[in-house]
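Using our numbering, the final residue of the sequence shown is 441, and nothing's skipped along the way.
For each residue, glycine too, the CB sits at the ideal point set by N, CA and C.
From a predicted model like this one, the values you see are computed outputs, not experimental measurements.
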Amino acid sequence: MEAQSDVRIDLTVVDEGGKRMEPAPYGARIGAVALGKWQIDPIDVPAGTFDGHDAHLVKINYTLELEPGAAPMPWFEISFSFPSAQEEKENHVSVVDALPRSGTFADTPKPYVLNRFLNYVPCADNASADVLLPTSADRIDAFGIGGHCMRWRHVSLDGTGVRGGSHAAWLVLLVPTGETAQDVRFSARYDLETTPETAYRPTQLPAEFRISLTAASDPPGVVTPSLSAPVEDRSAEYHPSAFICYAHDTHRHKYYARRFGSLLARNGVDVHMDQWYNDWRKHWNSWSHRLIKRVDFVIVLASPICRMAFDGQLTGPANPGIRSEAALINEMLHRQRDVWTRKILPVVLPHESVDNIADVLLPWTVDHYEIPELTDEGIEELLRAMTGVCRHARPPLGKLPPSVLKPLSGTES
Numbered sequence: 029m030e031a032q033s034d035v036r037i038d039l040t041v042v043d044e045g046g047k048r049m050e051p052a053p054y055g056a057r058i059g060a061v062a063l064g065k066w067q068i069d070p071i072d073v074p075a076g077t078f079d080g081h082d083a084h085l086v087k088i089n090y091t092l093e094l095e096p097g098a099a100p101m102p103w104f105e106i107s108f109s110f111p112s113a114q115e116e117k118e119n120h121v122s123v124v125d126a127l128p129r130s131g132t133f134a135d136t137p138k139p140y141v142l143n144r145f146l147n148y149v150p151c152a153d154n155a156s157a158d159v160l161l162p163t164s165a166d167r168i169d170a171f172g173i174g175g176h177c178m179r180w181r182h183v184s185l186d187g188t189g190v191r192g193g194s195h196a197a198w199l200v201l202l203v204p205t206g207e208t209a210q211d212v213r214f215s216a217r218y219d220l221e222t223t224p225e226t227a228y229r230p231t232q233l234p235a236e237f238r239i240s241l242t243a244a245s246d247p248p249g250v251v252t253p254s255l256s257a258p259v260e261d262r263s264a265e266y267h268p269s270a271f272i273c274y275a276h277d278t279h280r281h282k283y284y285a286r287r288f289g290s291l292l293a294r295n296g297v298d299v300h301m302d303q304w305y306n307d308w309r310k311h312w313n314s315w316s317h318r319l320i321k322r323v324d325f326v327i328v329l330a331s332p333i334c335r336m337a338f339d340g341q342l343t344g345p346a347n348p349g350i351r352s353e354a355a356l357i358n359e360m361l362h363r364q365r366d367v368w369t370r371k372i373l374p375v376v377l378p379h380e381s382v383d384n385i386a387d388v389l390l391p392w393t394v395d396h397y398e399i400p401e402l403t404d405e406g407i408e409e410l411l412r413a414m415t416g417v418c419r420h421a422r423p424p425l426g427k428l429p430p431s432v433l434k435p436l437s438g439t440e441s
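Shown next as structure tokens:
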């Protein structure tokens, strides 16, 4: 059989039902994470809800491009910020709801529909669903619902690294009425396995673009919320947030601090530490102080320099970061002792000693948390301190046996 020459076939994208693909994100890339075109459809907002706003259903397409044979990536995170174009007005941009939220999705694809409050709720019919959430072998956690910045974190659960390839996420974007465009700031973070001897790590700058928005009255393919869809109960979803305060004693200590942070992230903690934020130039003092006050818990990692910073034994220009963080934490402890004693969690990593917890943090009269190994089991007691769930439940109060009860007055034999 003779070989045939190449044949060119031109294909046309069918605009079914008025659906629109937004090209602006296409080609935006941060390291191994690349964006595809987004699908953006206006939502017919029910009367009397979200007055002064337009709503849009946004499908975000993104790809994690991993080279064959590359070292496993324990986790990666994508973030999208939607700044308001009218900061002086009351109606700001916000994310009403998003998918996936938090958990694993390894069984079957799950259909969702929008209810009257523009929340995603499960439905039974795939054909009528607004979203069909695909399966995933990784754990995916969402952060930022209700604000203007949305993050999704993919975490490998089996130690083989996160899955590469194409992914999708959905959100309901609320913008002031009449807005025809929206700025987007895209950033990404991921954990690169390096050795303690590695002194440098790559950094990535965020990407910015503008997406166009269409009014609900214009196209034929408007998304209409289901007024009869139930309101989903999300009371069980809880992700404690934590800031890791530590000193840069050695490359080895920084390496284990990052491994510890990644372990917490894989177990559902919204962790913040400096090694994941060295992407663009920032005021580190303001950054750390803002997070320390905002998070649920501040984890202080024991080390010689950290101990001296908290106990006021450091002088000179060295170690300004840990000295600034220690000063703020000491101040908050002095002003609100009961609140911050519970919020601060002194932690001893496997390579460190309890003796390197600062005296001001009361290592012996108040709890500290020794991590015997960087495993899920090794951090269980620390996680219990964050969630308030005791290992052993107190049994219900019973009755004293009759043989030990004092007899009533006048009935003594």
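Using three-state DSSP, classify residue i as helix, strand or coil.
{"i": "cysteine 273", "result": "strand"}
{"i": "arginine 181", "result": "strand"}
{"i": "leucine 410", "result": "helix"}
{"i": "glutamate 3", "result": "Residue 3 lies beyond the stretch modelled for the chain, which goes from 29 to 441, so this question has no answer here."}
{"i": "aspartate 219", "result": "coil"}
{"i": "leucine 241", "result": "coil"}
{"i": "arginine 262", "result": "Because the pLDDT at arginine 262 is just 49, under 50, the model does not fix this residue reliably, and the value given afterwards should be weighed accordingly. Coil, per DSSP."}
{"i": "glutamate 401", "result": "coil"}
{"i": "tyrosine 228", "result": "With a pLDDT of only 48 at tyrosine 228, under 50, the local geometry of the prediction cannot be trusted, and no value is derived from it."}
{"i": "alanine 165", "result": "strand"}
{"i": "asparagine 143", "result": "strand"}
{"i": "asparagine 89", "result": "strand"}
{"i": "valine 432", "result": "helix"}
{"i": "phenylalanine 214", "result": "strand"}
{"i": "phenylalanine 78", "result": "coil"}
{"i": "glycine 21", "result": "What is shown of the chain runs 29 to 441, which leaves residue 21 out entirely."}
{"i": "arginine 287", "result": "helix"}
{"i": "glycine 45", "result": "Annotation note: pLDDT 42 at glycine 45 (below 50); position unreliable, coordinate value reported separately. Looking at glycine 45 - three-state DSSP - the assignment turns out to be helix."}
{"i": "valine 23", "result": "The requested residue 23 does not occur in the structure, where the chain is confined to residues 29 to 441."}
{"i": "glutamate 353", "result": "helix"}
{"i": "tryptophan 368", "result": "helix"}
{"i": "alanine 293", "result": "helix"}
{"i": "tryptophan 312", "result": "helix"}
{"i": "proline 247", "result": "Residue placement at proline 247 is flagged as unreliable, the pLDDT there being 49, under the threshold of 50; a coordinate-derived value is accordingly withheld."}
Once you ignore the five residues that flank residue i on each side, which residues in its own chain have a CB closer than 6 Å to its CB?
{"i": "alanine 337", "result": "Ile350, Arg351 and Ala354"}
{"i": "cysteine 151", "result": "Pro139, Val141 and Ala157"}
{"i": "valine 376", "result": "Ala330, Val382 and Glu398"}
{"i": "serine 240", "result": "Ala209"}
{"i": "methionine 101", "result": "Gly189, Val190 and Tyr218"}
{"i": "histidine 120", "result": "Ser112"}
{"i": "histidine 267", "result": "Gly296 and Asp298"}
{"i": "alanine 197", "result": "Ile88 and Trp180"}
{"i": "asparagine 313", "result": "Ser352"}
Look up residue i in the DSSP assignment and give the residues it is bridged to.
{"i": "proline 70", "result": "His84"}
{"i": "proline 374", "result": "Val328"}
{"i": "histidine 300", "result": "Phe271"}
{"i": "isoleucine 385", "result": "According to DSSP, which records beta bridges pairwise, isoleucine 385 is partnered with nothing at all."}
{"i": "proline 150", "result": "Tyr140"}
{"i": "histidine 198", "result": "Note that residue 198 corresponds to tryptophan in the displayed sequence, not to histidine. In the DSSP output, where bridge partners are listed per residue, tryptophan 198 has Lys87 and Leu127."}
{"i": "phenylalanine 108", "result": "Met178 and Phe214"}
{"i": "serine 58", "result": "According to the sequence as given, residue 58 is isoleucine; it is not serine. For isoleucine 58, which the question treats as bridged, DSSP gives the partners Val61."}
{"i": "glutamate 236", "result": "Arg213"}
{"i": "leucine 160", "result": "Pro139"}
{"i": "valine 203", "result": "Asp82"}
{"i": "alanine 170", "result": "Trp180"}
{"i": "glutamate 50", "result": "Trp66"}
Apart from the five residues on each side of it in sequence, which residues of its chain come closer than 8 Å, Cβ to Cβ, to residue i?
{"i": "phenylalanine 104", "result": "Ala60, Val61, Leu92, Arg181, His182, Val190, Ala216, Arg217, Tyr218 and Asp219"}
{"i": "histidine 300", "result": "Ser269, Ala270, Phe271, Ile272, Leu319 and Val323"}
{"i": "tyrosine 228", "result": "Any answer about tyrosine 228 is weak, because its pLDDT of 48 lies below 50 and its placement is not dependable; what the coordinates show is given next. Cβ neighbours of tyrosine 228 beyond the five flanking positions: none."}
{"i": "valine 432", "result": "none"}
{"i": "lysine 65", "result": "Met49, Glu50, Pro51, Pro53, Tyr54 and Asn89"}
{"i": "alanine 477", "result": "Because the chain spans 29 through 441 in this model, residue 477 falls outside it and cannot be assessed."}
Verify the CB distance criterion: does residue i have a CB-CB separation below 8 Å to chain D?
{"i": "cysteine 177", "result": "Given the protein chain composition of this structure (a single chain), no chain D is represented."}
Is residue i near the ligand NAD - that is, is its Cβ less than 7 Å away from at least one heavy atom of it?
{"i": "lysine 87", "result": "Among the components modelled here there is no ligand, and therefore nothing to report on the ligand NAD."}
Grab me the residues of residue i's own chain with a C-beta within less than 7 Å of its C-beta, minus the 5 sequence neighbours each way, in chain order.
{"i": "histidine 281", "result": "Ser331"}
{"i": "aspartate 387", "result": "Asp339"}
{"i": "histidine 396", "result": "Pro374, Val376, Val382 and Ile385"}
{"i": "glutamate 380", "result": "Ala330 and Ser331"}
{"i": "glutamine 341", "result": "none"}
{"i": "serine 122", "result": "Gly174, Gly175, His176 and Leu202"}
{"i": "asparagine 358", "result": "Phe338 and Val388"}
Practice item. Evaluate contact between the region 160 to 176 and the region 203 to 221, counting only Cβ atoms and requiring at least three cross-stretch pairs below 8 Å. Key: no
Practice item. Mind the definition here: the region 350 to 366 touches the region 401 to 417 only if three or more C-beta pairs lie below 8 Å; say whether that holds. Key: no
**Study point:** Every unbroken alpha helix (DSSP H) within the region 315 to 349, with a cutoff of 4 residues, ordered by chain
**Key:** Considered as a whole, the region 315 to 349 harbours 332 to 338 as its complete alpha helix (DSSP H) runs of no fewer than 4 residues, in chain order.
Review point. Would you call the region 178 to 185 and the region 69 to 79 in contact, with 3 or more CB pairs under 8 Å?
Key: Contact between the region 178 to 185 and the region 69 to 79 is not established, with fewer than three Cβ pairs separated by less than 8 Å.
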